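Quick note: the sequence shown uses the numbering used here, first residue 2, plus one each step.
Note that CB positions come from ideal geometry on N, CA and C, so glycine has one too.
Just so we're clear, the structure is a prediction, and the values are computed from it rather than from any experiment.
All remarks here apply to the structure that follows.
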Amino acid sequence: MGLSEKTVTAEPMRICHVITRLIVGGAQENTLLTIRGHLAKGHHVELASGFSPGREGKLLENAEYGSFPVTEFADLVREVSPLHDLKAYFKLKKFFRNNRFDVVHTHSSKAGIIGRLAARAAGVPVVVHTVHGQAFHPYQNRWKNRLFVFLERFAAKYCDKIYAVAQAMIDQCVAANVAPREKYMVVYSGMETRDFAAAKRDRGLRSRLGLPEDGKVVVTIARLFPQKGYEYVIPAAEKVLRAAPETHFLFIGDGPMYDELRKDLKRKGIAEHFHFAGLVPPGEVCSHLIQGDLLWHLSLHEGLPRAVVQALASGIPAIGFALDGTPEVILDGETGFLTAPEDVDKVAEQTLFLIRHPEQAAAMGETGRRMVLEKFSWQRMCDILENEYLQLLREAGNRPGGGPRTAG
């Protein structure tokens, strides 16, 4: 659907999305594609966000999602900060009340907690939240997990529905007693799958990236950030290079680990095998990804790995750790391979298998392409969420445009 192709609904709503940061990332792209789809249907949509400093990029500067109001709140910060958090709560509450939204949809942990409380206090008729990745997980220290579980339980009482980008997210939340299972619903994270399916190899781009024309290339798409698994990528790559020294590795993304990774690769004497694409605009990720032969997704903490979906849409198999939502898209032996978390030996072994058996790799990629083209269309995601909003408004006894049901 183009931005100018509008299918106006009979019941236009006033919708506000809230997210902690608008960096280049999966949750952010999911949110902006939802906004794009609902604008095209004639709804009034706004976005509230914290600031987005640093090397991780600003998503709105790199893609066109339509024209809509964006309000930044300096106190909506990623870190736990009681003073900033309290200020953000009161400012968001006033913002929601003054703008008379029908629906407030929160994303990410911090914005999800503060935004839900503020929206309900402001009398917003429908308050919903999406779990893109768990705030609590096994690879975080115990006190932080306890704190986030407590906060998520508390915030869950102040919303009408919780969506999750993978069934694994729901299972984890229910196991932690965040909310009953009936409060949850899986809405797979939509994306521009058709662009990835249509992408073609480009000799000129390969040359600009420094990739050999016929060399095997392993791709990662992730922020250069500690949670994204680079502490496993480098050791696994070393093992692959010992057996297949013609292999190259393409990193798509930027972040605070950039300088550290560069120095580490140079110290190990393997820097010439690694190529940093940097921050790639969302519309160009497909042309970069298709230069690879397989994708690694070695994060220990993820919701549903969008990079895997994008790789499969491109016909490229993936290797990842068997945790969170990854097994819902990497079907072991069918669309790629799963390994136990942190098992770099197995990652290297499976990588060498795919490099040495290109026909099996191509068959896995094609199986993955068929699967994700059906399930991960962003237009489908937008339709599901629009129907959800309207149904929840009806259940709340409100009509679109009716404004707050109580005074905050």
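Taking the C-alpha atoms as reference points, what is the distance between residue 112 and residue 20?
When rounded, the distance between both Cα atoms is 5 Å.
Touching or not, the stretch 265-276 and the stretch 295-308, by the rule of three or more beta carbon pairs under 8 Å?
The answer is no - the stretch 295-308 does not touch the stretch 265-276, with fewer than three Cβ pairs under 8 Å.
By the three-class DSSP mapping on this structure, what secondary structure does residue 369 have?
The answer is helix: DSSP assigns residue 369 an H, G or I state.
Please name the residue, chosen from 356, 32, 155, 257, that lies closest to residue 181 on a Cα-to-Cα basis.
The option with the nearest alpha carbon to residue 181 is 155.
Kindly give me the distance between the Cβ atoms of residue 128 and residue 117, rounded to whole angstroms, as I take these residues to be in contact under 8 Å.
Right, their Cβ atoms sit about 6 Å apart.
With burial defined as no fewer than 16 other Cβ atoms inside 10 Å of the residue's Cβ, what is the status of residue 102: buried or exposed?
Residue 102 is buried by the Cβ-count criterion.
Just the C-alpha distance for residue 39 and residue 45, rounded to the nearest angstrom, thanks.
Their Cα atoms are separated by approximately 8 Å.
Please work out which residues of its chain come closer than 7 Å, Cβ to Cβ, to residue 262, disregarding the five sequence neighbours upstream and downstream, and give them in chain order.
If we look at residue 262 and ignore the five residues flanking it on each side, its Cβ neighbours are 225, 231.
Give the C-beta separation of residue 1 and residue 51 to the nearest angstrom, bearing in mind that I take them to be a contact with Cβ-Cβ under 8 Å.
The chain is shown from 2 up to 409; residue 1 falls before or after that span and cannot be answered.
Excluding the 5 residues preceding and the 5 following residue 325 in the sequence, name in chain order all residues of the same chain whose CB lies nearer than 6 Å to its CB.
Only 169, 303 meet the Cβ criterion.
Please name the residue in 99, 115, 383, 95 whose C-alpha comes closest to that of residue 83.
Residue 115 is the option with its Cα nearest to residue 83.
Given a threshold of 16 other Cβ atoms within 10 Å of its Cβ, counted over all protein chains shown, does residue 215 qualify as buried or as exposed?
The residue is exposed, with fewer than 16 neighbouring Cβ atoms inside 10 Å.
Helix, strand or coil: which one does DSSP assign to residue 35?
If DSSP states are grouped into helix, strand and coil, residue 35 belongs with the helices.
Do the stretch 273-281 and the stretch 312-321 touch if we need at least three Cβ pairs shorter than 8 Å?
No, the stretch 273-281 is not in contact with the stretch 312-321.
To the nearest angstrom, how far is it from the Cα of residue 148 to the Cα of residue 356?
Distance between the alpha carbons of residue 148 and residue 356 is about 44 Å.
Roughly how many angstroms lie between the CA atoms of residue 1 and residue 26, to the nearest whole one?
Shown here, the chain extends from 2 to 409; a query on residue 1 therefore has no answer.
For residue 136 and residue 153, which I take to be in contact (beta-carbon distance under 8 Å), what is that distance rounded to the nearest angstrom?
With a Cβ gap of about 6 Å, residue 136 and residue 153 count as contacting.
With distances taken between CB atoms, is the gap from residue 220 to residue 289 smaller than 9 Å?
Yes. Within cutoff.
Which residue comes first and which comes last in the beta strand (DSSP E) that contains residue 277?
Residue 277 -> beta strand (DSSP E) spans 275-279.
Pull the bridge partners of residue 48 from the DSSP assignment, please.
Note: residue 48 sits in a beta bridge opposite 18, 71.
Closest to residue 381 by CA distance: which of 30, 133, 190, 15 is it?
Nearest C-alpha to residue 381: 190.
Please report how far the alpha carbon of residue 286 lies from the alpha carbon of residue 398, in whole angstroms.
Taking the straight line joining both Cα atoms gives about 43 Å.
Under 8 Å by Cβ, that's how I've got residue 410 and residue 124 pegged, so tell me the actual separation to the nearest angstrom.
Residue 410 lies beyond the range of the chain shown here (2 to 409); nothing can be said about it.
Provide the residue span of the beta strand (DSSP E) that contains residue 170, from first to last.
It is not in any beta strand (DSSP E) - residue 170 instead sits in the alpha helix (DSSP H) that spans 168-176.
Mind listing, in chain order, the continuous alpha helix (DSSP H) runs of no fewer than 4 residues lying wholly within the stretch 244-273?
Within the stretch 244-273, the complete alpha helix (DSSP H) runs of at least 4 residues are 259-269.
What does DSSP give as the partner residue(s) for residue 301 in the beta ladder?
DSSP, once it has assigned bridges, lists no residue as partnering residue 301.
Taking the alpha helix (DSSP H) that residue 97 falls in, what are its first and last residues?
Note, residue 97: alpha helix (DSSP H), 83-100.
Alpha carbon to alpha carbon, how far is residue 378 from residue 49? Give it in angstroms, no decimals.
Distance between the alpha carbons of residue 49 and residue 378 is about 25 Å.
Thinking residue 276 and residue 353 are a contact (beta carbons under 8 Å), I'd like their distance in whole angstroms, please.
Contact doesn't hold; Cβ gap of about 20 Å is too wide.
Where do the ends of the beta strand (DSSP E) carrying residue 185 lie?
Segment 185-187, the beta strand (DSSP E) holding residue 185.
What number of angstroms, rounded off, separates the C-alpha of residue 72 from the C-alpha of residue 291?
Spanning the two alpha carbons is a distance of roughly 36 Å.
Just the Cα atoms here: how many angstroms apart are residue 345 and residue 351?
Distance between the alpha carbons of residue 345 and residue 351 is about 10 Å.
Around the Cβ of residue 358, are there at least 16 other Cβ atoms within 10 angstroms (buried) or fewer (exposed)?
Counting Cβ neighbours within 10 Å, residue 358 comes out exposed, since fewer than 16 surround it.
Would you call the CB atoms of residue 389 and residue 159 closer than 9 Å?
Not in contact: residue 389 and residue 159 (Cβ atoms no closer than 9 Å).
With H, G and I counted as helix, E and B as strand and the rest as coil, what does DSSP make of residue 231?
In this structure, residue 231 counts as helix in the three-state DSSP scheme.
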